[in-house]
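Numbering-wise, numbering that gives the first Met the number 0 puts 52 at position 53 of the sequence shown, and it's gapless, one number per residue. Reviewing the structure listed below.
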Amino acid sequence: MKRKIFITGVSGFLGWHLCQKLQPTWDIYGTYFSHPLEIPGVKSAKINLVNESELKNLFLSIQPDAVIHTAALSQPNYCQNHPTQSYAINVQASRHIAQLCADAAIPCLFTSTDLVFDGLNPPYAETDPVNPVNIYGEHKVLAEQGMLEIYPQTTICRMPLMFGNPTPTATSFIQGFIHTLQQGQDLKLFIDEYRTPVSGTTAATGLQLALNQNIQGILHLGGKERISRYEFGQLMVEAFQLPKHHLQACRQTDVNMAAPRPQDVSLDSSQAFSYGYNPPPIAAELATLSSF
Ligand SMILES: NC(=O)c1ccc[n+]([C@@H]2O[C@H](COP(=O)([O-])OP(=O)(O)OC[C@H]3O[C@@H](n4cnc5c(N)ncnc54)[C@H](OP(=O)(O)O)[C@@H]3O)[C@@H](O)[C@H]2O)c1
Numbered sequence: 000m001k002r003k004i005f006i007t008g009v010s011g012f013l014g015w016h017l018c019q020k021l022q023p024t025w026d027i028y029g030t031y032f033s034h035p036l037e038i039p040g041v042k043s044a045k046i047n048l049v050n051e052s053e054l055k056n057l058f059l060s061i062q063p064d065a066v067i068h069t070a071a072l073s074q075p076n077y078c079q080n081h082p083t084q085s086y087a088i089n090v091q092a093s094r095h096i097a098q099l100c101a102d103a104a105i106p107c108l109f110t111s112t113d114l115v116f117d118g119l120n121p122p123y124a125e126t127d128p129v130n131p132v133n134i135y136g137e138h139k140v141l142a143e144q145g146m147l148e149i150y151p152q153t154t155i156c157r158m159p160l161m162f163g164n165p166t167p168t169a170t171s172f173i174q175g176f177i178h179t180l181q182q183g184q185d186l187k188l189f190i191d192e193y194r195t196p197v198s199g200t201t202a203a204t205g206l207q208l209a210l211n212q213n214i215q216g217i218l219h220l221g222g223k224e225r226i227s228r229y230e231f232g233q234l235m236v237e238a239f240q241l242p243k244h245h246l247q248a249c250r251q252t253d254v255n256m257a258a259p260r261p262q263d264v265s266l267d268s269s270q271a272f273s274y275g276y277n278p279p280p281i282a283a284e285l286a287t288l289s290s291f
């Protein structure tokens with residue numbers, strides 16, 4: 000009989016990819032909030048994770064053998080403008096999940112972010128000090144710290160920027176880029192913002208590895224290439240044969256955004272690489288995706 004895994008946020012971009020990856024080996028119980036969906040082989044339930052008693056009742060009725068907590072308010076600009084809501088879901092609900100996992104003594108994986116860093120001293124290893132520059136990053140740091148305090152066996156996976164095909168209820172950042180270029184409109188991308196992106200599929204493989212190898216503490220799951228948003232756009236134009244001349248370079252200072260953005264939060268993920276995590280080149284990942 001398969002063991003039971005509880006995955007929060009299966010209606011999200013990463014949660015859906017995780018279900019595809021884990022479905023053959025786990026009995027999956029997933030949650031959604033505002034986007035109902037059916038995933039073959041996954042039992043899904045609607046829940047507002049900030050409702051502690053609702054979460055506890057669902058958790059106790061499932062009695063999972065492991066948890067992966069991906070649900071979040073994941074848009075930095077939205078969190079900047081809605082800090083109370085961000086704190087409730089990104090910090091308080093995460094701490095509550097760690098408590099439930101501690102009480103049941105089961106593996107607890109949390110998806111944090113490269114945005115816990117200020118971007119001034121890349122690449123960042125797990126041991127480097129955090130210093131977030133926006134509310135989203137601050138709340139992820141508070142969640143990491145709170146979860147580890149409540150349950151030191153928690154696995155904190157810091158995720159990089161992720162891309163991939165749209166899922167039934169979520170998209171990644173590339174869909175907007177592709178749409179803009181396909182409409183013949185200009186797309187301005189930063190030449191001074193660097194990340195270490197991976198696809199949703201690769202990110203899910205990294206989380207599976209962390210779970211299977213029972214890694215505890217912090218683990219970086221970045222890709223192998225440090226790349227600017229603009230360079231990423233160039234690879235995308237190539238992969239999807241999009242009109243090149245509409246891709247334009249700009250700087251972070253050219254755009255007004257609610258949340259300040261760090262310049263270079265490239266992750267040093269050599270620890271995960273040594274465990275067997277092996278993200279393919281970005282161009283190769285893009286070549287497997289669709290431009291629709
Ligand atoms: N995407 C990235 O590039 C990236 C980079 C670094 C880290 N991360 C982290 O990775 C994780 C997954 O990101 P993602 O891009 O997959 O996020 P996403 O697509 O925005 O999905 C967020 C998920 O959280 C759920 N959710 C939001 N508020 C909720 C609430 N109050 N109660 C219950 N569920 C709620 C959403 O449910 P509904 O849609 O049904 O409302 C959805 O399933 C997040 O923790 C994020 O911070 C993401």
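Even glycine gets a Cβ: it sits at the ideal position worked out from N, Cα and C.
Can you tell me the Cα-Cα spacing of residue 279 and residue 111, whole angstroms? 21 Å
Within a Cβ cutoff of 7 Å, which residues of the same chain sit near residue 377, ignoring the five residues on either side of it in sequence? Here the chain has residues from 0 to 291 only, and residue 377 is not among them.
Any heavy atom of ligand 1 closer than 7 Å to the CB of residue 256? no
How many whole angstroms separate the CB atoms of residue 17 and residue 203, which I take to be in contact at a CB cut-off of 8 Å? 5 Å
At a cut-off of 7 Å, would you count residue 198 as near ligand 1, judging by its Cβ distance to the nearest heavy atom? no
I need the straight-line Cα distance from residue 210 to residue 244, nearest angstrom please. 44 Å
Return the chain-ordered list of same chain residues with a C-beta closer than 6 Å to the C-beta of residue 152, the five sequence neighbours on each side being excluded. 215
Kindly indicate which three-state DSSP category residue 71 falls into: helix, strand or coil? coil
Taking 8 Å as the cut-off, does the segment 244–264 touch the segment 74–89 (at least 3 CB pairs, one atom from each stretch)? yes
I need the residues with a C-beta less than 5 Å from some heavy atom of ligand 1; please give them in chain order. 8, 10, 11, 12, 13, 31, 32, 33, 34, 47, 48, 69, 70, 71, 73, 88, 110, 112, 158, 160, 161, 169
Three or more C-beta pairs closer than 8 Å, one from the segment 52–64 and one from the segment 231–248: is that the case here? no
So within the segment 17–82, which uninterrupted beta strand (DSSP E) runs reach at least 3 residues, ignoring any that extend past its ends? 25–31, 41–45, 65–68
Residue 173 CB to nearest chain C CB: under 8 Å? Reference to chain C is not applicable here, since this structure consists of a single protein chain.
Taking all protein chains shown into account, do 16 or more other C-beta atoms lie within 10 angstroms of the C-beta of residue 323, making it buried, or fewer, making it exposed? No statement about residue 323 is possible, as the shown extent of the chain runs from 0 to 291 and does not include it.
At least 3 beta-carbon pairs within less than 8 Å: the segment 189–198 vs the segment 225–238: yes
Delimiting residues of the alpha helix (DSSP H) encompassing residue 257: Neither: residue 257 is in no alpha helix (DSSP H) and is coded neither H nor E.
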